[in-house]
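Residues in the sequence shown are numbered consecutively from 272, following the working numbering. Quick notes on the structure that follows.
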Amino acid sequence: MSADSRWRFGRVWHGLVLGLLVAVLSSCVYFNTFYNAEKHFRGAEKKRTKYERELGNRSVNQSARRTYEGLYEKAVRKASLVLDKHRESDLVDDAMFLIGRALYWKRDYQYASRSLQDLEDNFPNSEFLDQARYWRALCLDELSQPEEARALFRSLMSDRRPIVGALSGLRLGEMSERDEDWNSAIQQYRSTLEAFPRTKLRSQLWLRIGRAHMALDEPGQIDSSLAAFSQALQADPPDSIEYRARLLSGQALYSKGDGEAALAVYEKLLREGRFRGWEGETRLLIGDYHRARADIDQALAEYEQIRDDFPQSDVSARALYKTGLLYLRQEGDRLLASEYLEEVSKEKRGSIADSLAREMIKTFTALDDLLENVFEADSLAAVAMHPPQPEPEPEPELGPETKEGQDPDSTGVDEVATLDSTSVSMPDTVVAEVSAVIDDTSSVAYEDTASYLPAFDGTGRWQPLVTRPSLREQNDEEDDEERQRRIQQARSRRSRTARTETLEDQLFTVADLYRTGMEQADSAAHFYGVLAQRFPKSPHVPRALWNLAWVHSTLRQDRQAAERPMRRLIEEFPTTVHAGAARRFLGFDAIPSAEDLAAQEFLRLEAPRLETPAQVERWLPGLDSLIQAYPRTLTAAKAAFVVARTLETVRPQDSVEVEARFARIGDEFSHTRYGELVRLRTQSKRDGMVARLERTLQRLGEGIRPGERLTLLAVEPVEEDSAGFSRKFLGLGMRALRRGQFERAVEWFELSLEEKQTRNGLAHAGLGEAAWRQGYFSDAVEHFRTGLVNASTSVLPLHRLFEYHVREDNPDSANHYLRLTMRQDRDNIEVQRLVDRFPTLIRAEPEEVEISELETVEIAPDSTALELSPGFFTIVEEPFVRESVQPLYPAEANGDSAQVVVDILINEDGEPELVDVFSGDEPFVTAALAAARRYRFYAAEGRNEFLMPVWVELALTLKPPSISPPAIADAREPAGAAE
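Written as structure tokens, this is what we have:
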């Protein structure tokens, strides 16, 4: 070979080697990029798993979840580089799958679903196809699209994919459990086992079947649950599933009445060291076993051992809480119980036990307040009947049995036989307080409530309804100045309330707190009995008798004692719903209740009123007869309210009769929601807000029904009002941003900036958020900075800029924006916690926080950051629906439900001047627009009651006639009845 040939060959060879090297280096670049993405993803998975394992029993843990979300975000950014710069590589589908899962764990379900859908569309032969479909179904479920998610899960099951198919079946069962459809859940789990008999999820599926059987709480289900738990234990379960199956087996045996067998299961679990991590939970159940058998010492010993072995944990907090309940319910020692309950927060702040303990302490406080009010009201009545007489100087010549100033013939009202309150004479301190309240507060004067009379013994000593709380008794020993302060507080507290609760109202609430809040059967039974005996004409008596029977049958397990109040219910109140329940309990033949009869009669009598409301003589006598015939029913209260409201509309000149009717509702039906509406009406009229009251009554009386929830978008500006048009476009852009339509949002924000260039920082903030959510972080940062320069009132740019600079490892800028966020977003609960963590950041000379600390900061803007308040548009009263129209379901539709979002311009007359569609598909759009044009509204009001045209958003749901919900009566039983 010649020298020239060798030279040419060398050049070719050199070129080939160089090209191969370039190709190898290029593949290394995108491989390393994806490797880094996987590294961040694995790190995030470990942190998330550890967090969920440690904090799975926390009551509030949403903010702490962001500790691992930063790593998921880094994984998304690295994987996105593969998509942007190496589209031809063989790792594109890998990157899409990783991005979808990372976004799912970041709770960005919309983008996660979109990424997974792109993988399905562009890589139909990908090895991740089935898994991507499974994860997309998870996203759909989180996006409140359960039917679409179920369809995708079922498709994966029908394809018989061994891994995702079984997972899909498990998820379908979980969705049924979430809906509390236990039979459907059991069927779904069994179908999954039949379709995938060799799945590794066998033990978990059997465990869930057994748990669902227990949730049914029906005879015979316990044996089914025990059989399912046995199957779970035979399916080679991991330790966590085995422990849970055996523990639930013990609970099932206990529910079946075999407490000794349940105890044997728990003790056997304690002896096996591999379940040491769950020992605290096991001992809790052992403690409950001993507590139920009144072995208080053994129960306390178990709870104490949990606190010793597992300090500062969720189970130790639960042990402290159960200890407090034990002293409260078994020993009746509320003071000692309060001490234990207050310690729960110190043991494990934020745990479920902590939340329960706080609620119980609040119950104690509410109970003390009610007992104090009852004591004061009872003492007022006592003083009104037996005014205190000044005691003269003792005269030696008079005998002890004939003191001057005492009526020897006076006889008091005998105390109720069932009342076991201690007889007391009214001390001077009580007389002073009572007399002051009577003299200075005319609105609190004694009122004869349902023939109630205070009780006195034969010597004239007052028998109080309740014992004054011990903590309040300490206050009684203070000086006169302190007593006067308490009297003034009681007077001001009553004056702020237009309708003071009657004595029986408060007594009933006291009894309910003892029954439901504290589960103290003796105290609850005592106060229900007092109410039924001392207030025989009270509307609470039927409920009190039923609840008294419930206490005997449920809390005391004494069916014989429960029969006595039930029989009294049937004899004295035979047509009440509570008497009907008592008949069913005792096995008697059922008869229609007064509520049922009144409801049927009301439907018949209301038809003429709805047809011709102006012809009062046609419908008024019938409704008045109904009110008189069924005075104790909720339907009577509703009828009385409807009559008064209609007369107020059609006969405004007859105001005397209208006001008298409203007053009767307030007196006779004060315990119902209609009595509360009348109270609000009276208060508003007295305060000079009648016009605003009509709007409030409309909302409270009818509520916000489906198809009537309006979202304010913007005010329609007048011509040549550039600032008004800028605000309008800004409001429409914010709505598009909230609904995830970023391109439309950008268009509106740009139009807003065209109308107003300067001091329009909110538009720049919106543009920044749109860019940020689409992954254009550089553009977003530029918009955010511009928004801050142009006086943006939104805290959104501060949060995003802080997050951006933390990602870019810029500690100075990150500290700067964190300080601004902490100063300007002080209402944010997460920011408040951050102030406690870094108090030096908001001082005059703040200290810098290291970047490693900044990476652990967990703050995010509130959901209201993308909303514009009515005040931004100078709106005082927002519009709401006066008359709604149900859209007709299109005949050509395929039977599915659909939602259409429409924009409506409501003019000053409350009419839809313009109607446009924002989102939806045909043929539903046409039907929705036709219905929206027939709506009527109450117009928006600005300052000085100035009516304003506004744009609102209305979401209309169109359902096939077969699945349309039935009409629901606008009435409900007052809370508290233990049906």
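All residues carry an ideal CB built from backbone N, CA and C; glycine is no exception.
Asked                                                                                                               : Found
For Met428, the nearest candidate out of Cys410, Ser415 and Phe467 (CA to CA)                                       : Phe467
Where Val346 sits in the DSSP three-state scheme                                                                    : Reading the sequence as shown, one finds Ala at residue 346 and not Val. If DSSP states are grouped into helix, strand and coil, Ala346 belongs with the helices.
Range covered by the alpha helix (DSSP H) that runs through Trp890                                                  : Val887 to Ala900
Three CB pairs or more closer than 8 Å across the region 1217–1233 and the region 1153–1165                         : yes
Pick from Val645, Thr1064, Tyr799 and Gln502 that is closest to Thr1092, judged by C-alpha positions                : Thr1064
Residue interval of the beta strand (DSSP E) (run including Pro1231)                                                : Note, Pro1231: premise wrong, no beta strand (DSSP E); not H, not E.
Integer-rounded CB distance, given that Leu736 should sit under 8 Å from Glu775                                     : The pair is not a contact, with the Cβ atoms about 10 Å apart (cut-off 8 Å).
Nonlocal neighbours in the same chain, by C-beta distance under 6 Å from Ala653, ignoring five residues either side : Pro725 and Trp733
Other residues of its chain near Met837: CB distance less than 7 Å, five sequence neighbours each side excluded     : Ala820, Ala853, Phe856 and Leu857
For Gly1177: DSSP bridge partner residues                                                                           : Note on identity: in this sequence residue 1177 is Ile, with Gly being the wrong assignment. In the DSSP output, where bridge partners are listed per residue, Ile1177 has Pro1183 and Val1221.
Neighbour-count burial assignment, Leu627, 16 or more Cβ in a 10 Å radius                                           : buried
Val435, enclosing alpha helix (DSSP H) - first and last residue                                                     : Pro433 to Arg449
Three-way DSSP call (helix, strand, coil) for Leu1066 in this model                                                 : The question names Leu, but residue 1066 is Val in the sequence shown. Looking at Val1066 - three-state DSSP - the assignment turns out to be coil, as it is neither helix nor strand.
Beta-carbon proximity list for Val353, same chain, < 7 Å, skipping 5 on both sides                                  : Tyr301, Thr304, Phe305, Ser360, Leu362, Val363 and Ala366
Where Glu613 sits in the DSSP three-state scheme                                                                    : helix
Check whether Gln777 and Val949 have beta carbons under 8 Å apart                                                   : no
Val1147: CB within 7 Å of a non-hydrogen atom of the ligand NAP                                                     : As far as ligands go, the structure on display features none, and thus does not contain the ligand NAP.
Member of Leu591, Glu573 and Val586 whose CA lies at the smallest distance from the CA of Glu552                    : Val586
C-alpha gap between Leu534 and Ser501, whole angstroms                                                              : 18 Å
Unbroken alpha helix (DSSP H) run spanning Ala869, endpoints                                                        : Ala865 to Glu882
Test item: CB-CB of Gly1039 and Gly1058 under 8 Å                                                                   : yes
Cβ-based neighbour list, Gly595, same chain, cut-off 6 Å, excluding 5 preceding and 5 following                     : Ala608, Tyr611 and Leu612
Sequence-distant residues of the same chain with beta carbon closer than 7 Å to Arg1015, five excluded per side     : Ala1007
DSSP beta-bridge partners of Gln734                                                                                 : Ala726
Whole-number beta carbon distance between Thr1145 and Gly1213, since they are thought to touch under 8 Å            : 5 Å
Continuous beta strand (DSSP E) stretch holding Val1152: start and end                                              : Phe1151 to Glu1154
Run of the alpha helix (DSSP H) containing Phe368, from where it starts to where it stops                           : Val363 to Trp376
Contact set for Gly521: own chain, Cβ-Cβ below 6 Å, skip 5 residues either direction                                : Ala533, Val536 and Tyr537
Rounded separation between Leu292 and Phe1048 - CA only                                                             : For Leu292, the predicted model reports a pLDDT of 42, less than 50, meaning its position is unreliable; a value from the coordinates is still stated below. Near 34 Å, if we compare the C-alpha coordinates of Phe1048 and Leu292.
CB of Pro1220 within 8 Å of CB of Ile1175, strictly                                                                 : no
Rounded separation between Thr773 and Arg980 - CA only                                                              : 36 Å
Inter-stretch contact at 8 Å, needing at least 3 Cβ pairs: the region 407–414 / the region 386–398                  : yes
Contacting residues, own chain, Cβ-Cβ under 8 Å from Glu1182 (five flanking each side not counted)                  : Arg1207 and Phe1208
Whole runs of the alpha helix (DSSP H) within the region 1187–1220, excluding any shorter than 4 residues           : 1195–1203
Contact under 8 Å by Cβ, Tyr560 with Gly528                                                                         : no
Pairwise C-alpha distance: Val1172 and Phe1189                                                                      : 5 Å
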